[in-house]
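S.K.:
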Amino acid sequence: MNSSTTKSGAISVSNFPQVGIRAAAKDDIELLREWKNANRDSFFYRQKISKIQQEAWFIAYLQKKNDFMFVAELNEKIRFGCLGARYTNDKEWDIYNVINGSEATQGKGYMSVALQKLISFCHATTHAKISLKVLTTNPAQHWYKKNGFVATRSEDLYLRMEYCSTRLEFT
Ligand SMILES: CC(C)(COP(=O)(O)OP(=O)(O)OC[C@H]1O[C@@H](n2cnc3c(N)ncnc32)[C@H](O)[C@@H]1OP(=O)(O)O)[C@@H](O)C(=O)NCCC(=O)NCCS
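Structure representation (structure tokens):
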């Protein structure tokens with residue numbers, strides 16, 4: 082266990098004060114589009130997204146009260162990733178569009194901290210189950226497991242995973 086982890090092996094958010102998440106804004110959408118297009122093999126929707134499609138997505142997104150897209154940043158300055166959560170008609174949170182877009186920040190634990198912050202946001206907004214769908218071919222499922230998610234359903238194309246807070250301890 083290194084000094085960045087808790088006893089359970091989970092990343093300790095308090096050891097990464099430089100990592101924050103904030104609501105995505107219009108100025109972010111081109112970067113978000115680039116990240117999504119560069120990682121489209123990791124997602125259900127695999128078509129390249131055009132600038133026009135991205136703008137249309139953002140306009141529609143702004144109308145949705147229960148949909149929250151965040152940008153992950155270092156020191157409130159350097160944008161390195163994005164992650165979203167939407168509260169669905171099933172009365173649970175669906176985490177989506179999780180991407181570390183910057184090679185320089187990959188594998189440093191920063192996205193795990195951003196994910197924990199997103200989970201805290203969900204719990205603080207509406208306490209409900211937090212789930213996600215990850216393609217069965219996507220190694221990110223192991224990353225989610227490390228971050229406290231357990232597989233609850235397996236389909237041909239994807240795994241449904243659910244956050245289980247007792248698997249982690251926070252400091
Ligand atoms: C999934 C994804 C967001 C993870 O981003 P990341 O930057 O690699 O994530 P982290 O840095 O938090 O974790 C990566 C690894 O670093 C380790 N790590 C690095 N520094 C650490 C530290 N200080 N303390 C503890 N662990 C640390 C983590 O344990 C983890 O280990 P692993 O490689 O064995 O899984 C990224 O791989 C990605 O963007 N993938 C493509 C898009 C995608 O598949 N999204 C999910 C769609 S459902």
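If you read the sequence shown in our numbering, its first letter stands for residue 82, the second for the next number, and so on. Virtual Cβ for every residue (Gly too), placed ideally from N, Cα, C. Quick caveat, the model's predicted, so the values are computed rather than measured.
1) Can the beta-carbon of N228 be found less than 8 Å from the beta-carbon of S193?
2) Rounded to whole angstroms, what is the Cα-Cα separation between A232 and C245?
3) Which of the three DSSP states is assigned to F230 in this structure?
4) CA-CA distance, T252 and T207?
5) Span of the beta strand (DSSP E) holding A104?
6) Buried or exposed, going by whether 16 or more other CB atoms sit within 10 Å of the CB of G162?
7) Measuring straight from C-alpha to C-alpha, what distance separates S201 and D237?
8) Taking the beta carbon of S235 as the centre, do at least 16 other beta carbons fall within 10 Å, making it buried, or is it exposed?
9) Which partner residues does A153 have in the DSSP bridge list?
10) Does the separation of the CB atoms of F151 and R103 fall below 8 Å?
11) On the three-state DSSP scale, how would you describe T252?
12) So, with DSSP's three-state summary, where would you put L199?
13) Here's the rule: buried if 16 or more other CB atoms are within 10 angstroms of the residue's CB, otherwise exposed. What is D175?
M.R.: Reading from the atomic positions:
1) Here residue 228 refers to the residue found at position 147 of the sequence shown. Here residue 193 refers to the residue found at position 112 of the sequence shown. Cβ distance < 8 Å, so N228 and S193 count as in contact.
2) What you label residue 232 is simply residue 151 of the sequence shown in a count that begins at 1. What you label residue 245 is simply residue 164 of the sequence shown in a count that begins at 1. In this model, A232 and C245 are separated by some 10 Å (Cα to Cα).
3) Translated into positions along the sequence shown, residue 230 becomes position 149. Residue state for F230 is assigned as strand, using DSSP reduced to three classes.
4) Reading the sequence shown from its first residue, position 171 is the one you call residue 252. Reading the sequence shown from its first residue, position 126 is the one you call residue 207. With a pLDDT of 37 at T252, under the threshold of 50, the modelled position of that residue is not reliable, and the figure given next carries that caveat. Looking at the two C-alpha atoms, the distance is approximately 22 Å.
5) Residue numbering aside, residue 104 sits at position 23 when the sequence shown is read from its first letter. Here the beta strand (DSSP E) through A104 covers 100 to 104.
6) Stepping through the sequence shown from its first residue, residue 162 is reached at position 81. In summary, G162 is buried, with 16 or more beta-carbon neighbours lying within 10 Å of its beta-carbon over all protein chains present.
7) Here residue 201 corresponds to residue number 120 of the sequence shown, with the count starting at 1. Here residue 237 corresponds to residue number 156 of the sequence shown, with the count starting at 1. The straight-line gap separating the alpha-carbon atoms of S201 and D237 is approximately 31 Å.
8) Here the question's residue 235 lines up with position 154 in the sequence shown. Exposed, by the Cβ-count rule.
9) Locating residue 153 in the sequence shown gives position 72, counting from the first residue. DSSP output for A153 lists I102, G162 as bridge partner(s).
10) If you number the sequence shown from 1, residue 151 lands on position 70. If you number the sequence shown from 1, residue 103 lands on position 22. Yes. Within cutoff.
11) Counted from its first residue, the sequence shown places residue 252 at position 171. For T252, the predicted structure reports a pLDDT of 37, less than 50, and the residue's modelled location is therefore unreliable. The matter cannot be settled from this model.
12) Residue mapping note: residue 199 aligns to position 118 of the sequence shown, counting from 1. L199 falls in the helix class under three-state DSSP.
13) Position 94 of the sequence shown, counted from the start, is the residue given in the question as residue 175. With 16 or more Cβ atoms within 10 Å of its Cβ, D175 is classed as buried.
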